[in-house]
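Colleague: A single structure is presented below for examination.
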Amino acid sequence: MIRKLQKEDLEEALLLWEEENIKAHDFINEDYWKNQMDSVREQLPQSTVYVYVNDKGQIVGFIGLIEDYIAGLFVKTTEQSKGIGKQLLDYVKNNKTKLTLEAFAKNKRAVAFYHREGFSIQDENIDEDTREKEFVMVWQRVERY
């Protein structure tokens, strides 16, 4: 089930954010993610966040948006490749005509996922904090007449 993030979900979502960032970005020092926790704790409630809750009531994925920018999409490692990320992405695509995100170039799995979901690389830059190359990826709704 997909629903909006509630105040009581915050710590569970933060743990998921930290764990999955560390696993997905082994090319970035783990301390970088740990040092971002307070900032993310403040930003999450200010963003539009949808969580995917499993049958046991656990948050196993979430997507965070700031207007048309996807600030992050995270799915618990044990739940990946089950369509959860696609469901979260489709959920937000329903109300948007364009979405933008940034993905680290070395996170090949994420880049491939976004390509499959209709995103294309529009630009690339270097992340100021990590000095890693990022792709700016964009999805645009195609109107059919």
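Heads up: the sequence shown is residues 1349 to 1493, going by the working numbering. Ideal Cβ placement from N, Cα and C applies to all residues, glycine included.
1. Identify, in the order they occur along the chain, each residue of the same chain with its Cβ nearer than 7 angstroms to the Cβ of residue 1454, setting aside the five sequence neighbours on each side.
2. How big is the Cα-Cα spacing for residue 1478 and residue 1452?
3. How far does the beta strand (DSSP E) with residue 1395 in it extend, from its first residue to its last?
4. Can you tell me which of the three DSSP states residue 1461 falls into?
5. DSSP puts residue 1485 in a beta bridge; with which residues?
6. Please report the residue range of the alpha helix (DSSP H) in which residue 1433 lies.
7. For the alpha helix (DSSP H) that residue 1371 lies in, which residues bound it at each end?
8. Which one of 1390, 1379, 1471, 1400 has the shortest CA to CA distance from residue 1350?
9. Run through DSSP, which three-state label would residue 1490 get?
10. As a quick exercise: from 1395, 1382, 1417, 1427, pick the residue whose alpha carbon is nearest that of residue 1403.
11. Is residue 1458 buried or exposed, if buried means 16 or more other CB atoms sit within 10 Å of its CB?
12. Give me the DSSP bridge partner(s) of residue 1401.
13. Identify, in the order they occur along the chain, each residue of the same chain with its Cβ nearer than 6 angstroms to the Cβ of residue 1484, setting aside the five sequence neighbours on each side.
14. Considering only C-alpha positions, which residue in the set 1397, 1406, 1407, 1422 is nearest to residue 1413?
Modeller: Result, derived from the coordinates:
1. Along the sequence shown, read from residue 1 onward, the residue named residue 1454 stands at position 106. 1375, 1480, listed in sequence order.
2. Stepping through the sequence shown from its first residue, residue 1478 is reached at position 130. Stepping through the sequence shown from its first residue, residue 1452 is reached at position 104. Approximately 10 angstroms, taken between the alpha carbons.
3. Numbered from its first residue, the sequence shown carries residue 1395 at position 47. Counting along the chain, residue 1395 falls outside any beta strand (DSSP E), and DSSP gives it neither H nor E.
4. Stepping through the sequence shown from its first residue, residue 1461 is reached at position 113. Three-state result, residue 1461: helix.
5. For the purposes of this step, residue 1485 is taken as residue 137 along the sequence shown, with counting starting at 1. According to DSSP, which records beta bridges pairwise, residue 1485 is partnered with 1449, 1469.
6. Your numbering for residue 1433 matches position 85 in the sequence shown. 1432-1441 is the span of the alpha helix (DSSP H), which, as asked, contains residue 1433.
7. As a working mapping, residue 1371 is identified with position 23 in the sequence shown. Residues 1358-1372.
8. Within the sequence shown, the letter at position 2 stands for residue 1350. Nearest of 1390, 1379, 1471, 1400 to residue 1350, Cα basis: 1400.
9. Start at 1 with the first residue of the sequence shown, and residue 1490 comes out as number 142. Three-state DSSP puts residue 1490 in coil, outside helix and strand.
10. Here the question's residue 1403 lines up with position 55 in the sequence shown. The candidate whose alpha carbon is nearest that of residue 1403 is 1427.
11. Translated into the one-based positions of the sequence shown, residue 1458 becomes position 110. That one is buried.
12. By one-based count along the sequence shown, residue 1401 stands at place 53. DSSP lists 1407 as partners of residue 1401.
13. Sequence index remark: in the sequence shown, residue 1484 carries index 136 (1-based). Only 1450, 1470, 1471 meet the Cβ criterion.
14. Locating residue 1413 in the sequence shown gives position 65, counting from the first residue. Checking every option, the nearest Cα to that of residue 1413 belongs to 1397.
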